[in-house]
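If you read the sequence shown in the numbering used here, its first letter stands for residue 24, the second for the next number, and so on. Here a beta-carbon is modelled for each residue, glycine too, at the ideal position from N, C-alpha and C. This one's a predicted model, so the numbers in the text were calculated from it and none came from an experiment.
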Amino acid sequence: MSTSDVAAPDQNLSDVEERAWRDVSDVGIATARTEWAGAAREMLLRAAGKYQALVQHKDIATGVQELTGIRTKQPTRQWIGGVLAEVSAESLRRGEPMLSALCVNADESVFDGYAAIVGAATGTTPPDPDVHASHERLAVYRHFQAAGLPADGGSPMMPSKLSAARGRARKAAIAERPINKCPRCNLQTPASGICDTCD
């Protein structure tokens with residue numbers, strides 16, 4: 024699974040440079056968030072049309088500002104969660120799976136705040152947000168009949184970078200486990216703690 028470029032705004036760079044930008048302080052945070060959420064929804068809908076497509080939150084942050092002409096100097100982490108919460112609320116109003124599940128960090132884990140958004144929407148915060156998102160993404164791809172969706176409907180999958188990172192973490196945890204050894208023969212003992220050789 025890889026981050027897709029399906030979310031890139033369909034504008035020339037020169038068009039963006041010539042635009043008369045509005046600052047969020049001029050339009051108000053509520054108006055900016057509403058417009059940004061509409062733009063983010065459109066970007067995520069494009070990703071939903073391609074099986075296993077993802078959009079990095081930094082691309083959404085850049086894209087919504089370019090698409091709406093409203094920009095901010097605030098760090099993305101301070102406002103993107105509110106925008107994606109509105110996208111999720113709209114998905115739920117429409118009876119759709121949560122499009123925001125397609126939004127990931129650079130390491131392909133879910134964006135900060137995903138678990139809180141799920142908790143607010145469903146009443147239950149997922150113990151593992153990335154696992155929840157993998158199931159929600161599959162529901163999104165199925166709902167929007169994504170191109171490339173397998174005939175059997177596909178299956179929930181962790182993005183490749185995240186899956187590899189989790190695999191490395193599991194191996195490291197196993198390697199760090201203490202090994203119980205027999206004090207007499209120095210061989211590893213079974214889980215019972217009784218040496219098969221000496222006892």
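Query: If you drop the 5 nearest sequence neighbours on each side, which residues of the same chain put their C-beta closer than 7 Å to that of residue 110?; Result: 60, 63, 64, 67, 122, 123
Query: Would you say the stretch 76-93 touches the stretch 126-136, given that touching needs at least three Cβ pairs under 8 Å?; Result: yes
Query: Classify residue 71 as buried or exposed, calling it buried when 16 or more other Cβ atoms lie within 10 Å of its own Cβ.; Result: buried
Query: Exposed or buried, what is residue 97 when buried is set at 16 or more other beta-carbons lying within 10 Å of its beta-carbon?; Result: exposed
Query: Let me know if residue 214 comes out buried or exposed under the rule of 16 or more other beta-carbons within 10 Å of its beta-carbon.; Result: exposed
Query: Can at least three beta-carbon pairs, one atom from the stretch 133-140 and one from the stretch 88-97, be found at a separation below 8 Å?; Result: no
Query: If you run the structure through DSSP and keep just helix, strand and coil, what is residue 217?; Result: coil
Query: Looking at the structure shown, is residue 24 part of a helix, part of a strand, or coil, going by DSSP?; Result: Note that residue 24 has pLDDT 45, beneath the 50 cutoff, so the model's placement of it is unreliable and the number below is only indicative. Of the three classes helix, strand and coil, the one that applies to residue 24 here is coil, per DSSP.
Query: Drop a sphere of 10 angstroms on the beta-carbon of residue 58, count the other beta-carbons inside from all chains shown, and report buried for 16 or more, exposed for fewer.; Result: buried
Query: In angstroms, rounded to a whole number, what distance separates the CA positions of residue 160 and residue 179?; Result: 7 Å
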